[in-house]
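Peer 1: Residue numbers (our numbering), protein chains in the order written: chain A, 1 to 227; chain B, 1001 to 1106; chain C, 2001 to 2208; chain D, 3001 to 3592. Just so you know, even glycine gets a beta-carbon here, dropped at the ideal spot from N, CA and C.
1. Output, in sequence order along the chain, the residues in the segment 1043 to 1076 of chain B whose CB is closer than 7 Å to any CB in chain D.
2. Any beta-carbon of chain D closer than 8 Å to the one on residue 145 (chain A)?
3. Can you check DSSP and say which residues form a bridge with residue 111 (chain A)?
4. In angstroms, rounded to a whole number, what distance separates the CA positions of residue 2013 (chain C) and residue 3317 (chain D)?
5. Let me know the beta strand (DSSP E) ranges lying completely inside the segment 3533 to 3587 of chain D, each 3 residues or longer, listed in chain order.
6. Any C-beta of chain D sitting closer than 8 Å to the C-beta of residue 1092 (chain B)?
7. Where residue 3575 (chain D) and residue 3447 (chain D) are concerned, what is the direct C-alpha to C-alpha distance, given to the nearest angstrom?
8. Run down chain C in chain order and give the residues with a C-beta less than 7 Å from the C-beta of residue 1030 (chain B).
9. Given residue 3278 (chain D), which residues of its chain have a CB within under 6 Å of its CB, disregarding the five upstream and five downstream residues?
10. Residue 1087 (chain B) CB to nearest chain D CB: under 8 Å?
11. Rounding to the nearest angstrom, what Cα-Cα distance links residue 19 (chain A) and residue 3473 (chain D) in this structure?
12. Mind checking which residues open and close the beta strand (DSSP E) that includes residue 132 (chain A)?
13. Is the CB of residue 1082 (chain B) under 8 Å away from at least one CB in chain C?
14. 8 Å is my cut-off, CB to CB: does residue 3307 (chain D) come that close to chain A?
15. Give me the subset of the segment 2049 to 2066 of chain C whose CB atoms are less than 8 Å from a CB atom of chain D, sorted by chain position.
16. Mind the definition here: the segment 3435 to 3446 of chain D touches the segment 3395 to 3413 of chain D only if three or more C-beta pairs lie below 8 Å; say whether that holds.
17. Assuming residue 170 (chain A) and residue 3260 (chain D) make a contact with CB atoms under 8 Å, what is their CB distance in whole Å?
18. What residues from the segment 3256 to 3275 of chain D come within 9 Å of chain C, judged by C-beta to C-beta, listed N to C?
19. From D:3340, D:3034, D:3360, D:3098, pick the residue whose C-alpha is nearest to that of residue 3202 (chain D); which is it?
20. Output needed for residue 3387 (chain D): all residues of its chain with C-beta closer than 6 Å, excluding positions within five of it in sequence on either side, in chain order.
21. So residue 3140 (chain D) and residue 3194 (chain D) are supposed to be a Cβ contact under 8 Å. How far apart are they, rounded?
22. Go to residue 3450 (chain D), then tell me how far its beta strand (DSSP E) extends in each direction, as first and last residue.
23. Along the alpha helix (DSSP H) that carries residue 3391 (chain D), what are the first and last residues, could you check?
24. Would the beta-carbon of residue 3340 (chain D) fall within 8 Å of that of residue 87 (chain A)?
25. From the DSSP output, in three-state form, read off residue 146 (chain A) for me.
26. Go ahead and pull the three-state DSSP assignment for residue 2060 (chain C).
27. Using 8 Å as the threshold, is the C-beta distance between residue 3078 (chain D) and residue 3088 (chain D) below it?
28. Per DSSP, what kind of secondary structure is residue 2095 (chain C) in: helix, strand or coil?
29. What residues of chain B sit near residue 3201 (chain D), judged by a beta carbon separation below 7 Å?
30. Would you kindly work out how many angstroms separate the C-alpha atoms of residue 141 (chain A) and residue 178 (chain A), rounded to a whole number?
31. Checking contacts by CB at 8 Å: is residue 1020 (chain B) closer than that to chain C?
32. Quick test of your reading: residue 167 (chain A) and residue 147 (chain A), contact by CB under 8 Å. State the CB separation rounded to the nearest angstrom.
33. Work out the CA separation of residue 2180 (chain C) and residue 1043 (chain B) for me, nearest whole Å.
34. Could you tell me the distance, in whole angstroms, from the CA atom of residue 3051 (chain D) to the CA atom of residue 2158 (chain C)?
35. Does any C-beta atom of chain C lie closer than 8 Å to the C-beta of residue 3143 (chain D)?
36. Note down, in chain order, each residue of its chain lying with its Cβ closer than 8 Å to the Cβ of residue 2120 (chain C), except the 5 sequence neighbours on either side.
Listed below in structure tokens is the structure:
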């Protein structure tokens, strides 16, 4: 049984920042959890009903209230402020890298279609290349995926790259990430999208720069043969 | 349960100088405001100014109906606090969802 | 504090709000109605802000003059309702019956004018469904939001008229006196609320 | 309708001639309505539990036919040869959540205890509007019947999740479910009226019908939490009704509120749903918090630690509950700036929950704790609510939510708060107020056995779900093994499924205890738990009209182990004896 609290190793640039935040929260909540449960059990044992001993009449103490209210408030606000920084790097429109490689990913009931710019380097032109359930990206280069959906809401989820964003029909949603390792990584759908939701998996293939270019040119030649 | 608090005595109000039944007075104000709204709606002002002006008049009319006709003016204070408590919730929902479509944030 | 304990405690709710139960109940019910109309009117405002091209300028499609007259009608019915309440406060049962009847008639007139307006709009192709919206201006969202808001308001007015008829019958049987006319005041609150919602609706649907 | 003029003076004498129908079926007595709610919602709880068992069967043993040939009773459109189909799995997930949230937990807390406790604890003879109260119950079976019918219609029950996100839920084209989704919508719209009429009654009764002397800060915490829950119900349910009506119109006459092809806005549905949704989850937890405060204070014979801050915390949770809904939508394409502001408001809501938790633990401190079943359930509520609250902090932080959203971490969080929290709180409430409802005590050994096995099985079932979520397993997936990176988690899933089967089947003990004690339980007097509340100042089960004469309240509800008194409790309505030796604290005598 895999009962580990350690996330699978992250292979994207903002992955480590997100993981650190997760581990900080894990430590803080872990400590609070252990302390609270131990105190609870300790009180239960220590103050259990014994003949002749009466409870002490305590209505509360506003000093204690202030202590734990402000302590909780300070901790959670600190977490929020720290999270805001990371949230901005990932989602703030101005933080999107400028020289990123663009591709479209269109979700459809039970598959992902990725579209790459063809020879003319322009998306949306006739010579675009399609690939089904496989997203090919170059390594160590920021990538902007324009997410859209043809029918219902799907969710573009790359666990290893710490990427998740819903593909909502009706609008295009740009998201960015940068892979730091080559290899094949799972792509999953995280939003209930009908009876085939469970088998909507795909793969993200991260190539080195050269491999990616050769793969792209290979696909372009294939595309020309088909015409 | 006797219904005592509606002071029937001060049911008069002076309207442009002569004493008239309060309900008729408020009624006339409401009609005038409605007429004003219909006229204002077709004047060539910028859309935003028109909209806010019209909404202000509508809210004022609504307040008049609430204050006089629903007798909020005679009721204990915390009843009209209770009466307006859902309004901030309505504003929160509408304003928050409008930011989805570019309001305030690009 | 622990004053002499008298057996028959006066049931007036000393720690309460000093308002009899039915009125408090009606006010609390009206709060939930405010939230119901919030969701409908809220969707209209949101969709109008998101897709302004779907909506037409005031008067372009909707008949503003007819509805302005209709609004007069509803305001008058509000006045007749409050006059009915003022009448029974002085114990004038006849006045109560007359004003209640006036309110019922004006309420029904309002609903029928609105039904007539619906038929006129339908002929122009102004319909809620996406497929059959063929009006010359605006888009399907305009039809959908318009019919939902004004339709549910009309439904509330019709329910109000039914309740008024029920109160009117009890008035004819003389069941309301100076001392006990809670029913009249409660139905009056509902009626003024429905009028108040229409005042807001008329402005943001027809005039903006 | 018999025009009983005013509810105030119907004393218990004229109760006998009401006959069977008016006493048991169409009763306007708040206590009988509470029992009616109790029976129906326990049935729906059992149904929800069975649906959960089927979900866990499919996840624990993917693709294998249901055991003991249970599959034979299911038609081939659901489980051919006993093997659950993916579309039926989606209906199972949707209906499990719908029945549990709307037909089990809400009626169990607001319906049962709202009706039972509010009039009794504030010293009223009945609800403000008894007939509307009866109506509020009788709408629930009607809505339940419509929801049950949706299983048997062509295309099966709704399969778009209990949140029924648009556009999946706006047309049968995407899910193959046409009539089922419409029935789901109609049933929840109808149920909304039951909640509104109920909440209307609770708010008016608490404001207007408190006994003389029962000032706001002498109201017990159970009634406080039910009163604030009634406010949340009153203002949140109509929003859901409005949204459901718009969705119903999209489904039926083809409007385009949420359908992108007609330039509708799918995100607007999520906003409307969650604007209702988050107050809804506080509706599901606040009453349980109230019952737990009562039980812990009573069973440790000690006043609630910081009564005023507990009340302030309840009110704060209710206010903040309205401005946090966006944390359900961090990754749904919501505006990132909204994401940031919702993160800020969401973390703030951890503060009142922390206050309540530390106050419960403070109540146990230096107490004289009696280990009865209600206390065991109440303390497990506190223990498990701590876990649920802490796992919420992971999800409140938007970046971490990027990874954890729609994974089993969320399923663990919500089950720790709803099952570990509300369900154990309900068990505490039922076992604590059972004597008041039925005049007999629930069996202690059976109760402790049920608690013990439930507590262990529950934790074995739901704690590993945190780890499933951290490893990336997504929610609502029919067969995780399709994803290669999830295959290693299958053994955890099988273990969880077995624990769930134990947890669900052990509830039979509670059912046996519940029905057996009704006839054969130990006779309970008026005040078996030596409690201070007014509900214990009348006989159990109380007659129609509750109190022979209206009680006068002289002190707060938690005067346990008052210094200088030999008895360790001091009922609220006990008149203060002037010749009382010890110097009574003045500020207490004259109340607030």
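Peer 2: Let me lay it out:
1. Of all residues in the segment 1043 to 1076 of chain B, none comes within less than 7 Å of chain D when Cβ atoms are compared.
2. With 8 Å as the cut-off, residue 145 (chain A) does not count as an interface residue toward chain D.
3. Paired residue(s): A:108.
4. Only weak support is given to the placement of residue 2013 (chain C): the predicted model assigns it a pLDDT of 42, under 50, and the question is left unresolved by the model.
5. Counting only runs of 3+ residues, no beta strand (DSSP E) is found wholly inside the segment 3533 to 3587 of chain D.
6. Chain D contact via Cβ: present.
7. Linking residue 3575 (chain D) to residue 3447 (chain D) through their CA atoms gives a straight-line distance of about 36 Å.
8. In chain order: 2075.
9. Excluding residues within five positions, the ones whose Cβ falls inside 6 Å are 3321, 3324, 3325.
10. By this cut-off, residue 1087 (chain B) is not an interface position.
11. Here the C-alpha atom of residue 19 (chain A) lies approximately 17 Å from the C-alpha atom of residue 3473 (chain D).
12. Residue 132 (chain A) -> beta strand (DSSP E) spans 129 to 132.
13. In terms of beta-carbon proximity, residue 1082 (chain B) lines the interface with chain C, with at least one pair separated by less than 8 Å.
14. With a threshold of 8 Å between beta carbons, residue 3307 (chain D) makes contact with chain A.
15. Taking 8 Å as the cut-off between beta carbons, the residues of the segment 2049 to 2066 of chain C near chain D are 2050, 2051, 2054, in sequence order.
16. Taking 8 Å as the limit for Cβ pairs, the verdict is that the segment 3395 to 3413 of chain D does not touch the segment 3435 to 3446 of chain D.
17. Between residue 3260 (chain D) and residue 170 (chain A) the Cβ distance is about 3 Å, and since that is below 8 Å, they are a contact.
18. Interface annotation for the segment 3256 to 3275 of chain D against chain C: 3256, 3257, 3259, 3261, 3262, 3263, 3264, 3265, 3268, 3271, 3272, 3275, criterion Cβ-Cβ distance under 9 Å.
19. Measuring from the Cα of residue 3202 (chain D), the nearest candidate turns out to be D:3034.
20. If we look at residue 3387 (chain D) and ignore the five residues flanking it on each side, its Cβ neighbours are 3416.
21. The Cβ separation is near 5 Å, so the contact holds.
22. No beta strand (DSSP E) contains residue 3450 (chain D), which is instead part of the alpha helix (DSSP H) from 3444 to 3470.
23. Looking at the DSSP string, the run of the alpha helix (DSSP H) that includes residue 3391 (chain D) is 3373 to 3396.
24. Less than 8 Å separates the beta-carbon of residue 3340 (chain D) from that of residue 87 (chain A).
25. Here residue 146 (chain A) carries a strand assignment [DSSP, helix/strand/coil].
26. Coil, per DSSP.
27. In this structure, residue 3088 (chain D) lies closer than 8 Å to residue 3078 (chain D) by Cβ.
28. In the three-state reduction of the DSSP assignment, residue 2095 (chain C) falls in the helix class.
29. Simply none; closest approach about 16 Å.
30. Pairing residue 141 (chain A) with residue 178 (chain A), the inter-Cα distance amounts to about 6 Å.
31. No, residue 1020 (chain B) does not count as interfacial toward chain C.
32. Correct: roughly 4 Å between the Cβ atoms.
33. Residue 1043 (chain B) and residue 2180 (chain C) have their C-alpha atoms spaced approximately 50 Å apart.
34. Using only the alpha carbons, I get a separation of about 42 Å.
35. Closer than 8 Å: no.
36. The residues are 2063.
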